[in-house]
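**Student:**
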Amino acid sequence: MKRKNVVLNRPVFAQQVFDSRSLTVLTTLFHRFPEEGDYELTIRRDERVVHRAHVRVGVEEASSQLDLDLATLREIEGAYSLRAGGVMGFYVSQGIARYRVEITQPGARGRRVWMDSGRVVPEGDLFAVTLVRPGVYRVILAEGKGEGEIRVRLPRGERYRPDQAVRITVGKGGSLEPTQVWILSGQSVVFWCTVPASLRVEWMKEEEPAEPPVQPFWSA
Amino acid sequence: MAHMTVAVSEGVFRRSFDLLQRNLVFEKADSASFGSFTAGYDVKAHLEGGSVDLRADGTIRVKELDLRWDRLRFTLGLNIPELCVGGGCVDMPWPIPDICLPRVCIFSGDPDISISPDLAAFVAQEVSFTARLVVRYFDAALPLPSPDLCAPLRVEPPPAHNQWHIHIDPETIDVDLFDFPDIVGDLIEDTLTDAVKALIPGGWVRDLILAIIGSVADLIRTILDIPDEIEEWLSDLFNVSFGLLDSIGTVILDFFSRCNPLYRMDDPLEIMPASNGLIAVRIPVRNLSVSVNDAEMVVQADVGA
Numbered sequence: 001m002k003r004k005n006v007v008l009n010r011p012v013f014a015q016q017v018f019d020s021r022s023l024t025v026l027t028t029l030f031h032r033f034p035e036e037g038d039y040e041l042t043i044r045r046d047e048r049v050v051h052r053a054h055v056r057v058g059v060e061e062a063s064s065q066l067d068l069d070l071a072t073l074r075e076i077e078g079a080y081s082l083r084a085g086g087v088m089g090f091y092v093s094q095g096i097a098r099y100r101v102e103i104t105q106p107g108a109r110g111r112r113v114w115m116d117s118g119r120v121v122p123e124g125d126l127f128a129v130t131l132v133r134p135g136v137y138r139v140i141l142a143e144g145k146g147e148g149e150i151r152v153r154l155p156r157g158e159r160y161r162p163d164q165a166v167r168i169t170v171g172k173g174g175s176l177e178p179t180q181v182w183i184l185s186g187q188s189v190v191f192w193c194t195v196p197a198s199l200r201v202e203w204m205k206e207e208e209p210a211e212p213p214v215q216p217f218w219s220a
Numbered sequence: 001m002a003h004m005t006v007a008v009s010e011g012v013f014r015r016s017f018d019l020l021q022r023n024l025v026f027e028k029a030d031s032a033s034f035g036s037f038t039a040g041y042d043v044k045a046h047l048e049g050g051s052v053d054l055r056a057d058g059t060i061r062v063k064e065l066d067l068r069w070d071r072l073r074f075t076l077g078l079n080i081p082e083l084c085v086g087g088g089c090v091d092m093p094w095p096i097p098d099i100c101l102p103r104v105c106i107f108s109g110d111p112d113i114s115i116s117p118d119l120a121a122f123v124a125q126e127v128s129f130t131a132r133l134v135v136r137y138f139d140a141a142l143p144l145p146s147p148d149l150c151a152p153l154r155v156e157p158p159p160a161h162n163q164w165h166i167h168i169d170p171e172t173i174d175v176d177l178f179d180f181p182d183i184v185g186d187l188i189e190d191t192l193t194d195a196v197k198a199l200i201p202g203g204w205v206r207d208l209i210l211a212i213i214g215s216v217a218d219l220i221r222t223i224l225d226i227p228d229e230i231e232e233w234l235s236d237l238f239n240v241s242f243g244l245l246d247s248i249g250t251v252i253l254d255f256f257s258r259c260n261p262l263y264r265m266d267d268p269l270e271i272m273p274a275s276n277g278l279i280a281v282r283i284p285v286r287n288l289s290v291s292v293n294d295a296e297m298v299v300q301a302d303v304g305a
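Below you can see the structure in the form of structure tokens.
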């Protein structure tokens, strides 16, 4: 029997800490552009600038969501285009590098920083983690005293789709709603920050044997 | 009235046929891409047994020759489709648009697996045909055709002198369809499952990947687009897609009809060997013909000038 060794995307299985201030594989940061205009995008990999581009918001024929894979960025001609109110998603498909995204807008009174992921996820933006390794994860907010828990387990014969996501709302004082969610391995948790927040998700321990049933989908 | 007549009994004819058909070897290898998978074969077979019946209508009936597979290696290569985690969309309250998550894939590239089980022990077929006997004249002065399609099938090298050849010329050839038993489906599925599992490290990583796939059996069925059982799919592949039945028929036809005579007669025919300083006596043979009845084969010829 002949076979070609498969090359696994190892960071997907090895990553155990996810931080909105330091984007890695399996994390996604969504920034919403509520106002039309021209913006400047700067991507840093391990604190070195690797990509600069313009973002034009308010282009009628553009899509309302544009995802950028920070691990495979290429120079573009012109600018990224988005509809008014559109969302840009920044994610990392592979590798062990850490990324920081900055969105600014030049103005009469100087440069306005709309988002600097190295500091905080701005109000209205979202931070998502796709959790692969089974176990219990702790969610920590740098602001306030909010803390939550995500339990991840392998599917046990039930209908399984990785493309399911659960939403957690981050509110005033760093509160999380709900504070505890259950997902299956490979599914995602999306934190909707209604206040500026910095989030950190850490794998804590193996999954305990008896788990409550997984919520297939949670909606506010 | 012919100058000479030779009769060959049905028993002798059968013996002659048996000696000739033992030399028929079918050997072929090929592969093809079917989009999401590749399939190929490397086969070798020979004929055994069967019965020969001379018939009153001037034909011969060859029945139930066993097509024995010395090698029936089937190669199947699959590209494992992209397997990803994440994705899906989240409803957001107005005016925020629904957010769709990117997918992150767990293989960097398209891993592929390939298996090559030998299925010779699991399949047997029979070949039957009706034929007439035809006479051909081999003129040694003429060059062989180029390319010489008989070269791989010829039992003996072409003669250095002229000969009359009596060939069996099949009119219709029936080859049983490939019909693989259930056990072959199980064998292929098990071999593929082992191959997929061997690609992936063990523990929870393998459990997760197999959960995404559903099961290796599901993966195989999806890639191969198999609606029924694997053995039925495999039989169709051999019967239709590979065109092996046509190839077998062509080889049998060429072997008997063109490349290997059942009987030969030199022209001129030596009737007295050289001796006592005298040269051999040879007579030219003209108008050789052959016929068959239900008891014997009859060869008639004239002695030419």
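Sequences listed follow chains W and U, in order.
First residue of the first sequence? That's 1 in my numbering, and the numbers climb one at a time after it.
First residue of the second sequence? That's 1 in my numbering, and the numbers climb one at a time after it.
We treat Cβ as the ideally placed atom computed from N, Cα and C, and that holds for glycine.
Starting from Lys197 (chain U), follow the beta strand (DSSP E) in both directions and report where the run begins and ends.
**Tutor:** Where Lys197 (chain U) is concerned, there is no enclosing beta strand (DSSP E), although the alpha helix (DSSP H) it sits in stretches over Asp182 to Leu199.
**Student:** Take the Cβ of Ile310 (chain U) as the centre, count every other Cβ of all protein chains shown within 10 Å, and call the residue buried at 16 or more, exposed below.
**Tutor:** It is not possible to answer for residue 310 (chain U), since the shown part of chain U is limited to 1 through 305.
**Student:** Roughly how many angstroms separate the alpha carbons of His3 (chain U) and Thr75 (chain U), rounded to a whole number?
**Tutor:** One C-alpha to the other measures close to 59 angstroms.
**Student:** Listing by chain order, which chain U residues have their CB less than 8 angstroms from the CB of Gln65 (chain W)?
**Tutor:** Per Cβ cutoff of 8 angstroms: Pro97, Ile99 and Cys100.
**Student:** When DSSP labels each residue in this structure, what does Glu40 (chain W) get in the three-state scheme?
**Tutor:** Three-state result, Glu40 (chain W): strand.
**Student:** Assign Pro155 (chain W) to one of two classes, buried (16 or more other C-beta atoms within 10 Å of its C-beta) or exposed (fewer than that).
**Tutor:** That one is buried.
**Student:** Judging by CA-CA distance, which residue of U:Phe26, U:Pro93, U:Val12 and U:Asp294 is the nearest neighbour of Phe255 (chain U)?
**Tutor:** Out of U:Phe26, U:Pro93, U:Val12 and U:Asp294, U:Phe26 has the C-alpha closest to the C-alpha of Phe255 (chain U).
**Student:** Would a check of beta-carbon distances place Trp94 (chain U) closer than 8 angstroms to chain W?
**Tutor:** It does not: the Cβ of Trp94 (chain U) has no partner Cβ on chain W nearer than 8 angstroms.
**Student:** Within this structure, are the beta carbons of Ile106 (chain U) and Asn9 (chain W) separated by less than 8 angstroms?
**Tutor:** Cβ distance < 8 angstroms, so Ile106 (chain U) and Asn9 (chain W) count as in contact.
**Student:** Does the beta carbon of Asp163 (chain W) sit closer than 8 angstroms to a beta carbon anywhere in chain U?
**Tutor:** It does; some Cβ of chain U falls within 8 angstroms.
**Student:** Just how far apart, CA to CA, sit Ala62 (chain W) and Arg83 (chain W)?
**Tutor:** The alpha-carbon atoms of Ala62 (chain W) and Arg83 (chain W) are separated by roughly 5 angstroms.
**Student:** Could you name the residues of the stretch 126 to 139 of chain W whose beta carbon sits closer than 7 angstroms to any beta carbon of chain U, in the order they occur along the chain?
**Tutor:** Against chain U - using a Cβ distance shorter than 7 angstroms - the residues of the stretch 126 to 139 of chain W are Leu126, Ala128, Thr130, Val132 and Pro134.
**Student:** So Pro106 (chain W) is in the alpha helix (DSSP H); what residue range does that whole segment cover?
**Tutor:** Note, Pro106 (chain W): premise wrong, no alpha helix (DSSP H); beta strand (DSSP E) at Tyr99 to Gly107.
**Student:** Quick one: give me the first and last residue of the beta strand (DSSP E) that Asp254 (chain U) is part of.
**Tutor:** Element bounds for Asp254 (chain U): not the beta strand (DSSP E) but the alpha helix (DSSP H), Leu244 to Asp254.
**Student:** Val141 (chain W) and Gly174 (chain W): beta carbons closer than 8 angstroms?
**Tutor:** Going by the sequence as given, residue 141 (chain W) is Leu instead of Val. Cβ atoms of Leu141 (chain W) and Gly174 (chain W): closer than 8 angstroms.
**Student:** Need the endpoints of the alpha helix (DSSP H) that Ala211 (chain U) sits in, please.
**Tutor:** Trp204 to Ile213 is the span of the alpha helix (DSSP H), which, as asked, contains Ala211 (chain U).
**Student:** Only counting the same chain, and skipping five residues up and downstream in sequence, which positions put a Cβ closer than 7 angstroms to that of Thr191 (chain U)?
**Tutor:** Only Ile115 and Pro117 meet the Cβ criterion.
**Student:** With distances taken between CB atoms, is the gap from Asp267 (chain U) to Gln163 (chain U) smaller than 8 angstroms?
**Tutor:** Taking 8 angstroms as the Cβ cut-off, Asp267 (chain U) and Gln163 (chain U) qualify as a contacting pair.
**Student:** Please report the straight-line C-alpha distance between Val92 (chain W) and Phe242 (chain U), rounded to a whole angstrom.
**Tutor:** Taking the straight line from one Cα to the other gives about 45 angstroms.
**Student:** Below 8 angstroms between beta carbons is the criterion; list the residues of the stretch 73 to 93 of chain U that meet it against any residue of chain W, in chain order.
**Tutor:** Under the 8 angstroms Cβ criterion, the stretch 73 to 93 of chain U contributes Ile80, Cys84, Val85, Gly86, Gly87, Gly88, Cys89, Val90, Asp91, Met92 and Pro93.
**Student:** So, using beta-carbon positions, are Met265 (chain U) and Phe13 (chain U) closer together than 8 angstroms?
**Tutor:** No, the pair does not count as a contact, with Cβ atoms beyond the cut-off.
**Student:** Measuring only the C-alpha atoms, how far is Ser33 (chain U) from Ala39 (chain U)?
**Tutor:** Going from the Cα of Ser33 (chain U) to the Cα of Ala39 (chain U) covers about 6 angstroms.
**Student:** Excluding the 5 residues preceding and the 5 following Ala220 (chain W) in the sequence, name in chain order all residues of the same chain whose CB lies nearer than 7 angstroms to its CB.
**Tutor:** Note on Ala220 (chain W): pLDDT 38, under 50, position unreliable in the model; the coordinate value appears next. Arg167 and Thr169, listed in sequence order.
**Student:** Closer than 8 angstroms, Cβ to any Cβ of chain U: which residues of the stretch 6 to 28 of chain W, in chain order?
**Tutor:** So the list reads Val6, Val7, Leu8, Asn9, Val12, Phe13, Val25, Leu26 and Thr28, given in the order they occur along the chain.
**Student:** For Met1 (chain W), I'd like the list of residues in its chain whose CB is within less than 6 angstroms of its CB, leaving aside the five on either flank, ordered along the chain.
**Tutor:** Residue confidence is low: Met1 (chain W) scores 41 on pLDDT, short of 50, so the model does not pin down where it sits. No coordinate-derived value is stated.
**Student:** Checking contacts by CB at 8 angstroms: is Met1 (chain W) closer than that to chain U?
**Tutor:** Because the pLDDT of Met1 (chain W) is 41, which lies under 50, any placement of that residue in the model is unreliable, and the number read from its coordinates should be weighed accordingly. For Met1 (chain W), the answer is yes, since a Cβ of chain U falls inside 8 angstroms of its Cβ.
**Student:** Under 8 angstroms between C-beta atoms, does Arg32 (chain W) make it to chain U?
**Tutor:** Chain U, which has a Cβ nearer than 8 angstroms to the Cβ of Arg32 (chain W), makes this yes.
**Student:** If we require 3 or more residues per run, which beta strand (DSSP E) segments fall completely within the stretch 271 to 297 of chain U?
**Tutor:** Those beta strand (DSSP E) runs which fall completely within the stretch 271 to 297 of chain U and span 3+ residues are 281 to 283 and 285 to 292.
**Student:** Under three-state DSSP, which class holds Ser116 (chain U)?
**Tutor:** In the structure shown, Ser116 (chain U) sits in coil (DSSP, three-state: anything other than H, G, I, E or B).
**Student:** Entirely within the stretch 67 to 133 of chain U and at least 4 residues each: give me those alpha helix (DSSP H) ranges in chain order.
**Tutor:** Here no run is fully enclosed.
**Student:** Leaving out five residues before and five after Asn212 (chain U) in sequence, what residues of the same chain have Cβ atoms less than 6 angstroms from its Cβ?
**Tutor:** It is worth fixing the name first, because residue 212 (chain U) is Ile in this sequence and not Asn. Excluding residues within five positions, the ones whose Cβ falls inside 6 angstroms are Leu83.
**Student:** Would you list, in sequence order, the uninterrupted beta strand (DSSP E) runs of no fewer than 3 residues that lie entirely inside the stretch 56 to 83 of chain W?
**Tutor:** 65 to 69 and 79 to 82, all fully within the stretch 56 to 83 of chain W.
**Student:** Exposed or buried, what is Pro11 (chain W) when buried is set at 16 or more other beta-carbons lying within 10 Å of its beta-carbon?
**Tutor:** Counting Cβ neighbours within 10 Å, Pro11 (chain W) comes out buried, since at least 16 surround it.
**Student:** Taking contact to mean at least 3 C-beta pairs separated by less than 8 angstroms, is the stretch 99 to 106 of chain W in contact with the stretch 39 to 51 of chain W?
**Tutor:** A contact exists between the stretch 99 to 106 of chain W and the stretch 39 to 51 of chain W.
**Student:** Using DSSP with H/G/I as helix, E/B as strand and the rest coil, what is Gly58 (chain U)?
**Tutor:** Looking at Gly58 (chain U) - three-state DSSP - the assignment turns out to be coil, as it is neither helix nor strand.
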